[in-house]
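What follows is a single structure, written as structure tokens, with notes after it.
Protein chains: 2
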Amino acid sequence: MSNIKKDPLKNQIEVAKGGLLDRRRFLASGASLLSVAAASSMSGMASADVFDSHPKHMKTPGIPSKLYGKPSQYESHVVRLPEHVYSSAIITAAFTPIDQLNGVITPAGLHFVVHHSGIPDIEPSGHQFMIHGLVNKPLKWSVESLLNYPMVSRIHFLECAGNSGPNIIANSPMDMTAGQIHGQISGSLWTGVPLKYLLDEAGIKPNGKWAMCEGADAGNHVRNVPLEKLYDDAIIALYQNGERIRPDQGYPMRLFVPGYEGNMNVKWLHRMEISDVPSQSKDEQSQYADFRADGRIKQYSFNMEVKSVITKPSGKQQLPKDGFYEISGFAWSGRGKIKAVEVSADGGKTWATANLEGPIMSKAMTRFTIPWNWNGQKAVIVSRAIDEFGNTQPTREDWISRYARYSLGHNNSINSWLVSNDGKVSNYYV
Amino acid sequence: MSNIKKDPLKNQIEVAKGGLLDRRRFLASGASLLSVAAASSMSGMASADVFDSHPKHMKTPGIPSKLYGKPSQYESHVVRLPEHVYSSAIITAAFTPIDQLNGVITPAGLHFVVHHSGIPDIEPSGHQFMIHGLVNKPLKWSVESLLNYPMVSRIHFLECAGNSGPNIIANSPMDMTAGQIHGQISGSLWTGVPLKYLLDEAGIKPNGKWAMCEGADAGNHVRNVPLEKLYDDAIIALYQNGERIRPDQGYPMRLFVPGYEGNMNVKWLHRMEISDVPSQSKDEQSQYADFRADGRIKQYSFNMEVKSVITKPSGKQQLPKDGFYEISGFAWSGRGKIKAVEVSADGGKTWATANLEGPIMSKAMTRFTIPWNWNGQKAVIVSRAIDEFGNTQPTREDWISRYARYSLGHNNSINSWLVSNDGKVSNYYV
């Protein structure tokens, strides 16, 4: 945007160094600030100019709607980042372009995807879900029967345990977009059947404490989930953002354990075996353990911790010139609600409290914003979130000191972006 | 589902006639009710059976994810209802299959669509939004500049003024689905720039009271909106459900006036002319006036009123047999939040209060549910919503008495479904 003139800025109060502005003051007199920023004056324009400007698409009828609509052809660059094949050549992941999106809901077509042996094509009439093991009565359900069960609908985030891994692996910050680094998180409205109904129906034996949850994919993905969690807020998700969940999210059904790492939300779910101890599945052993700095292994670290990312401005974006911007991003915690997000524009020396867009929901992405007057000089913008239990984000340095150098799961350290004096935005370690 | 045995029902309390059950009691002992309903016992099943049941897709690797994902091929029937061409042959509409969906968010690909001359293909770099007329400084904005403005994100419904028209036109209830009758409503997370910033930037002259809002489509859609509303909660919507809005929803930008009838949320918005009186546009004159029973015309009836629809079970669905079901639907009000939804299973003689799925948001779809034990006899299920201001829904008879017989806009009368003793569900007038 353009140069800030003196008058509008007079009304503004800097709430932290580097041009972070007071939100209320901005709302009260922001228009005068904006007025010098982005709009072009049309003073003296004759009304004929308005009508002469009518483009071709106002003179020729358009096309009918599609039975199932699609985004504009001019947004065809907004796609998942192509599937990344990890060294195992089995696990592949496609990230959400969070730097291209806004709000706290991710379109299902852009939800991040991770799978261990491709996406199965499951004909729903041939699929069943069963609960067996330490139960009074082993039971199985058809998809159709589950669709008749009582359901709940809740907005939650889903995040891969390995999200933001690039910022751990690389000793110096890689020049990547927010989506390339942090795009293994998405937000959806998930609708499905509370697990407690199904567990009670089968009747858990007194020594039943864990459920081995298995997906019907060729990777035969298996995770062990404590029954306590399944009785708390877990569902068999059948719908995502209003429609039936899609094959890449587990069609015809997936386990959804709010706040837990992505891979525990077992896709293509077809079986739960109730046991007294966890079964130590191959996936837990080979993929989803955390390695501590002291050489010990931390297993069953289920919760995704409190975290935040600024998406606007963010890596590889370009600010056209100095002046007014809104810093915007989102925060989340696998333990509950976001209580506050603080933003710094001077690399973490001074902080201001951002505005949170409500309603603030538990274990859901929460959008935060703060007005910013960029003076055109080098700036480092940083965010840190605090959840309702007072948990906050460690620095990258703190985080790394706790884990083995090759362990990258559960990185919730503070993220930052460098804005160079030419307006280029790039990944940065504070 | 199947027969209800005596034991589980003993624990249940009927809160209204016809088998509507107490929700708390149901939650406490619902499992025993469900246990006789939907699951198949696997008692005696050897663990070998579990593994022998592994289907082909567990033995062969699946496919990679798409850059922009799609629903399962087995859900290809879940599409918008094909565009309906009205007598004018100009206005066409495609409805949302609300009977196939759940939750309170509609995937953008299934959002209902109405347009007056097709969907324009707008290249965003050539599109501008201008405010002129009774302003101190006529201004225009490029799409790119608006994308840098401060934004808000809110979940709201959008409903066509003509929604549920079939239930007014037809003297006897037509055998249609909930989508075919009531599918001109959808819910989304809308993100965009508050209009107040832009209006203040242009500077409204003291006699400026209305904005003539024009779309850049060949239909040249125009509606007059009071400035008071634009200063309240209106936005220039740039994102829907996280991604840029789609061509059929107004790409690259639309006006969004929460709670107002759909056509006022002018798509492909490119111009607002501020005036002292409304301009009496062709659309207001020919399409969007309400005709009273006494012959007088009611113009500028902006708000969509409080309303509710049961989607499960609903028209043309089939209940397999008597037993337990969850009645599920959604309610909304263009004036604010939903306060309560009452459900009847005996055609409106007795009523019970349904559970509302939170968070309850203003001018947004709110999902309601209530457990129901269907005794297999003819039943008429009905819902009526009450908003935070105490507004409720009229009966169809009441509604019709107020309007000319051919006037079908703003029908918010009570809807009901007949469940025949063979389990067939059909449209019904109470």
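Residue numbers (our numbering), protein chains in the order written: chain H, 1 to 430; chain D, 1001 to 1430. All C-beta atoms, glycine included, are put in the ideal place defined by N, C-alpha and C. Nothing here was measured: the structure is a model prediction, and the numbers come from that model.
Minimum C-alpha distance to residue i - residue among the options
{"i": "VAL79 of chain H", "options": "D:ARG1244, D:GLY1323, D:SER1142", "result": "D:ARG1244"}
{"i": "HIS1054 of chain D", "options": "H:VAL15, H:ILE122, H:LYS349", "result": "H:ILE122"}
{"i": "GLY1118 of chain D", "options": "D:THR1191, D:LYS1059, D:THR1060, D:PRO1247", "result": "D:PRO1247"}
{"i": "MET304 of chain H", "options": "H:ASP346, H:GLY162, H:THR366, H:ARG384", "result": "H:GLY162"}
{"i": "ASN1391 of chain D", "options": "D:ALA1016, D:LYS1337, D:TYR1239, D:VAL1309", "result": "D:LYS1337"}
{"i": "ARG335 of chain H", "options": "H:ILE169, H:GLY347, H:SER362", "result": "H:SER362"}
{"i": "ALA1331 of chain D", "options": "D:GLY1242, D:VAL1306, D:ASN1148, D:LEU1199", "result": "D:VAL1306"}
{"i": "ILE1386 of chain D", "options": "D:ASN1412, D:LEU1408, D:ALA1108, D:ILE1400", "result": "D:ASN1412"}
{"i": "GLY1109 of chain D", "options": "D:ASN1102, D:THR1096, D:GLY1376, D:HIS1115", "result": "D:THR1096"}
{"i": "GLY192 of chain H", "options": "D:ARG1405, D:LEU1020, D:GLY1103", "result": "D:GLY1103"}
{"i": "PHE302 of chain H", "options": "H:LEU319, H:GLN317, H:PHE256", "result": "H:PHE256"}
{"i": "ASP99 of chain H", "options": "H:ALA364, H:PRO371, H:GLY315, H:GLN128", "result": "H:GLY315"}
{"i": "PRO150 of chain H", "options": "H:VAL135, H:GLU284, H:LEU195", "result": "H:LEU195"}
{"i": "ALA1237 of chain D", "options": "D:ASP1217, D:LYS1059, D:PRO1258, D:TYR1086", "result": "D:PRO1258"}
{"i": "GLY376 of chain H", "options": "H:ALA364, H:VAL382, H:ALA345", "result": "H:ALA345"}
{"i": "LYS140 of chain H", "options": "H:GLY126, H:GLN317, H:ASN265", "result": "H:GLY126"}
{"i": "THR60 of chain H", "options": "D:ALA1093, D:ILE1013, D:LYS1312, D:ASP1217", "result": "D:ASP1217"}
{"i": "LYS229 of chain H", "options": "H:PRO64, H:TYR260, H:ARG384", "result": "H:TYR260"}
{"i": "SER1188 of chain D", "options": "H:HIS84, H:GLY323, H:ILE155", "result": "H:ILE155"}
{"i": "GLU144 of chain H", "options": "H:VAL152, H:GLN128, H:PRO138, H:LYS56", "result": "H:GLN128"}
{"i": "SER142 of chain H", "options": "H:ALA93, H:ILE360, H:MET253, H:ILE90", "result": "H:MET253"}
Close-in-space but distant-in-sequence residues of the same chain around residue i (CB under 6 Å, 5 per side omitted)
{"i": "VAL1419 of chain D", "result": "ALA1379, VAL1425"}
{"i": "HIS356 of chain H", "result": "The question names His, but residue 356 of chain H in the sequence shown is Leu. Closer than 6 Å at the Cβ level, and outside the excluded window around LEU356 of chain H, lie THR366, PHE368."}
{"i": "ARG1396 of chain D", "result": "SER1413, TYR1429"}
{"i": "ASN136 of chain H", "result": "GLY203"}
{"i": "GLY1415 of chain D", "result": "Inspection of the sequence shows that residue 1415 of chain D is occupied by Asn rather than by Gly. The answer, listed in chain order, is VAL1309."}
{"i": "PRO1394 of chain D", "result": "SER1413"}
{"i": "LYS1312 of chain D", "result": "SER1328"}
{"i": "SER1333 of chain D", "result": "VAL1306, ASP1387"}
{"i": "GLN73 of chain H", "result": "none"}
Beta-carbon contacts of residue i that lie in its chain and below 8 Å, excluding the five residues immediately before and after
{"i": "LYS298 of chain H", "result": "ALA289, ASP290, PHE291, ARG292"}
{"i": "ASN1263 of chain D", "result": "VAL1114, CYS1160, ALA1161, HIS1221, ARG1223, ASP1283, GLN1287, TYR1288"}
Same chain only: Cβ atoms within 7 Å of residue i, ignoring 5 sequence neighbours per side
{"i": "GLY402 of chain H", "result": "Note that residue 402 of chain H is Arg in the sequence shown here, rather than Gly. Taken in chain order, the residues that qualify are ARG292, ALA293."}
{"i": "SER1043 of chain D", "result": "Any reading at SER1043 of chain D needs caution, since the residue's pLDDT is 46, under 50, leaving its predicted position unreliable; the model's value is listed next. The answer is none, since no qualifying residue turns up."}
{"i": "ASP422 of chain H", "result": "none"}
{"i": "GLU284 of chain H", "result": "ARG223, ASN224, GLN299"}
{"i": "MET1174 of chain D", "result": "PRO1166, ASN1427"}
{"i": "ILE169 of chain H", "result": "LEU408"}
{"i": "GLU75 of chain H", "result": "none"}
{"i": "PHE1389 of chain D", "result": "ARG1335, GLY1336"}
{"i": "ALA1364 of chain D", "result": "VAL1104, ILE1155, HIS1156, PHE1157, GLY1187, TRP1332"}
Short Cβ contact (8 Å threshold) for residue i with residue j
{"i": "LEU227 of chain H", "j": "LYS209 of chain H", "result": "yes"}
{"i": "ALA1352 of chain D", "j": "LEU1146 of chain D", "result": "no"}
{"i": "GLN1249 of chain D", "j": "HIS1410 of chain D", "result": "no"}
{"i": "TRP1268 of chain D", "j": "PRO1120 of chain D", "result": "yes"}
{"i": "VAL310 of chain H", "j": "ILE235 of chain H", "result": "The sequence shown places Ile at residue 310 of chain H, rather than the Val named in the question. Going by C-beta atoms, ILE310 of chain H is not nearer than 8 Å to ILE235 of chain H."}
{"i": "HIS1116 of chain D", "j": "GLY1183 of chain D", "result": "no"}
{"i": "ARG1271 of chain D", "j": "MET1130 of chain D", "result": "yes"}
{"i": "LEU1198 of chain D", "j": "TYR1231 of chain D", "result": "no"}
{"i": "LEU1134 of chain D", "j": "ILE1327 of chain D", "result": "no"}
{"i": "GLY242 of chain H", "j": "THR1106 of chain D", "result": "yes"}
{"i": "VAL266 of chain H", "j": "GLU342 of chain H", "result": "no"}
{"i": "TRP399 of chain H", "j": "TYR325 of chain H", "result": "no"}
For residue i, the residue or residues it bridges with in DSSP
{"i": "SER153 of chain H", "result": "H:THR191"}
{"i": "GLY118 of chain H", "result": "Note: GLY118 of chain H sits in no beta bridge, so no partner."}
{"i": "MET1272 of chain D", "result": "D:ILE1131, D:CYS1213"}
{"i": "TRP417 of chain H", "result": "H:ILE381, H:ASN427"}
{"i": "ASP1346 of chain D", "result": "D:VAL1380"}
{"i": "GLU1020 of chain D", "result": "The sequence shown places Leu at residue 1020 of chain D, rather than the Glu named in the question. Paired residue(s): D:ALA1016, D:TRP1372."}
{"i": "SER186 of chain H", "result": "H:LEU158"}
| request: For the stretch 264-289 of chain H, enumerate the residues whose C-beta is nearer than 9 Å to any C-beta of chain D, in chain order. | output: Residues of the stretch 264-289 of chain H with a Cβ closer than 9 Å to any Cβ of chain D, in chain order: TRP268, HIS270, ARG271, GLU273.
| Relative to chain H, which residues along the stretch 1061-1085 of chain D have a C-beta separation below 8 Å, given in chain order? | With the criterion set as a beta carbon lying under 8 Å from some beta carbon of chain H, the members of the stretch 1061-1085 of chain D are PRO1061, GLY1062, ILE1063, PRO1064, SER1065, LYS1066, LEU1067, TYR1068, GLY1069, LYS1070, PRO1071, SER1072, GLN1073, TYR1074, GLU1075, VAL1078, VAL1079, ARG1080, PRO1082, GLU1083, in sequence order.
| task | Taking a Cβ distance cut-off of 8 Å, strictly less, list which residues of the stretch 1102-1124 of chain D are near chain H, in chain order. | result | Cβ contacts with chain H come from ASN1102, GLY1103, VAL1104, ILE1105, THR1106, PRO1107, ALA1108, GLY1109, LEU1110, HIS1111, VAL1113, HIS1115, SER1117, GLY1118, ILE1119, PRO1120, ASP1121, ILE1122, GLU1123, PRO1124.
| In the stretch 1224-1255 of chain D, which residues sit with their C-beta less than 9 Å from some C-beta in chain H, listed in chain order? | Contact annotation: in the stretch 1224-1255 of chain D, residues whose CB is within less than 9 Å of a CB in chain H are LEU1238, TYR1239, GLN1240, ASN1241, GLY1242, GLU1243, ARG1244, ILE1245, ARG1246, PRO1247, ASP1248, GLN1249, TYR1251, PRO1252.
| task | Would you list, in chain order, the members of the stretch 1153-1178 of chain D that have their beta-carbon closer than 7 Å to a beta-carbon of chain H? | result | Within the stretch 1153-1178 of chain D, the qualifying residues are SER1153.
| request: Using a Cβ-Cβ cut-off of less than 7 Å, list which residues of the stretch 186-202 of chain H approach chain D; keep chain order. | output: Residues passing the 7 Å Cβ filter: LEU189, THR191, TYR197, ASP200, GLU201.
| message | Short of 8 Å Cβ to Cβ, which residues in the stretch 1357-1368 of chain D face chain H? | response | Under the 8 Å Cβ criterion, the stretch 1357-1368 of chain D contributes GLU1357, PRO1359, MET1361, ARG1367.
| task | Output, in sequence order along the chain, the residues in the stretch 126-137 of chain H whose CB is closer than 7 Å to any CB in chain D. | result | From the stretch 126-137 of chain H, only GLY126, MET130, HIS132, LYS137 have a Cβ closer than 7 Å to chain D.
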